[in-house]
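Asks: After the structure tokens below, expect a handful of questions from me.
Numbering (my numbering), first residue to last: 2 to 258.
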């Protein structure tokens, strides 16, 4: 006995129902993340306002304070690394890169300490454990292996901080932080260029590291909570020798002492 054929239109309706069900599910999947994102739409601005304090130089955000901390921390390990490269580098290009790091971070350290003092912010006086580990890596390297480690480690770190400088320069509402970001941008770009000029930078590995988000960052340090009445002064980061190389003009220079 042959099976009875479906009633006219039943198969069409059944197929249409499946299509409608599928479209409804797809639409729901598309709408939900949009709705979720919109539900959190005010979070970014609320967080910005919550972390921002008023100063006579304009609002000072949590990102601004984190930036000042990281500029200071950069000098605490990159200046010693630059001094070491001037003496331990096996090529003129590596030694020159070391000179630039010493010159640039001596300048930036004076700038960031001046800005922090005006904003009554406390800055660290010691590098982080991760930064000390990077310095130990350089201490243990010799010959061309040292040159390679120096160029690639410092180039990766500068690439990471370069994006932070750009973000702060684009978003800050504080005049002191804005000028410091301009100086930092000039200095960091100069360091990137001289590190690449050593010929040791592995651009293929660099691209992979940047894409994977594994670039050695300046270790995340919580931003200072805000201005304090009497912050402990940050000790100067002073090179053991005066560098002879002059950094290209930055947005502003520290006052002559």
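Note that CB positions come from ideal geometry on N, CA and C, so glycine has one too.
Residue 54 by DSSP, collapsed to three states: which one?
Replies: Within the chain shown, residue 54 is the residue found at index 53, counting from 1. In this structure, residue 54 counts as strand in the three-state DSSP scheme.
Asks: Given a cut-off of 9 Å on the beta-carbon distance, is the pair residue 106 and residue 238 in contact?
Replies: Sequence index remark: in the chain shown, residue 106 carries index 105 (1-based). Sequence index remark: in the chain shown, residue 238 carries index 237 (1-based). In this structure, residue 106 sits near residue 238, with a CB-CB distance shorter than 9 Å.
Asks: At which residues does the alpha helix (DSSP H) containing residue 76 begin and terminate?
Replies: If you number the chain shown from 1, residue 76 lands on position 75. Note, residue 76: alpha helix (DSSP H), 63-89.
Asks: Curious, which full-length alpha helix (DSSP H) runs of at least 4 residues does the segment 127-188 contain?
Replies: 130-141 and 144-172
Asks: Can you tell me whether residue 119 is buried or exposed, with buried defined as 16 or more other CB within 10 angstroms of its CB?
Replies: To locate residue 119, count along the chain shown from 1; it is residue 118. Under this definition residue 119 is an exposed residue.
Asks: Would the beta-carbon of residue 154 fall within 9 Å of that of residue 129?
Replies: Position 153 of the chain shown holds residue 154. Position 128 of the chain shown holds residue 129. Not a contact, by the Cβ cut-off of 9 Å.
Asks: For a quick check, are the C-beta atoms of residue 109 and residue 188 less than 9 Å apart?
Replies: Taking the first residue of the chain shown as 1, we reach residue 109 at position 108. Taking the first residue of the chain shown as 1, we reach residue 188 at position 187. In this structure, the beta-carbon distance from residue 109 to residue 188 falls below 9 Å.
Asks: Can you name, in chain order, every residue of its own chain whose Cβ lies under 6 Å from the Cβ of residue 142, other than the five neighbours on each side?
Replies: Within the chain shown, residue 142 is the residue found at index 141, counting from 1. Result list for residue 142: 150, in chain order.
Asks: Less than 9 Å between the C-beta atoms of residue 174 and residue 62, yes or no?
Replies: The residue you call residue 174 lines up with position 173 of the chain shown. The residue you call residue 62 lines up with position 61 of the chain shown. Taking a C-beta distance under 9 Å as the contact criterion, residue 174 and residue 62 qualify as a contact pair.
Asks: Out of 97, 81 and 98, state which residue places its alpha-carbon closest to the alpha-carbon of residue 134.
Replies: Along the chain shown, one-based indexing puts residue 134 at 133. It is 81.
Asks: For residue 227, which of helix, strand or coil comes out of DSSP?
Replies: Here residue 227 corresponds to residue number 226 of the chain shown, with the count starting at 1. In this structure, residue 227 counts as coil in the three-state DSSP scheme.
Asks: Please report the residue range of the alpha helix (DSSP H) in which residue 117 lies.
Replies: Here residue 117 refers to the residue found at position 116 when the chain shown is read from its first residue. Taken as a continuous stretch (DSSP letters only), the alpha helix (DSSP H) holding residue 117 covers 93-119.
Asks: Buried or exposed: which applies to residue 194, given that a residue is buried once 16 or more other Cβ atoms fall within 10 Å of its Cβ?
Replies: Indexing the chain shown from 1 puts residue 194 at position 193. By the neighbour-count rule (16 or more Cβ atoms within 10 Å), residue 194 is not buried but exposed.
Asks: Can you give me the Cβ contacts of residue 211 inside the same chain, cut-off strictly under 7 Å, excluding the 5 residues immediately before and after it?
Replies: As a working note, residue 211 is residue 210 in the chain shown. Hits under 7 Å: 160.
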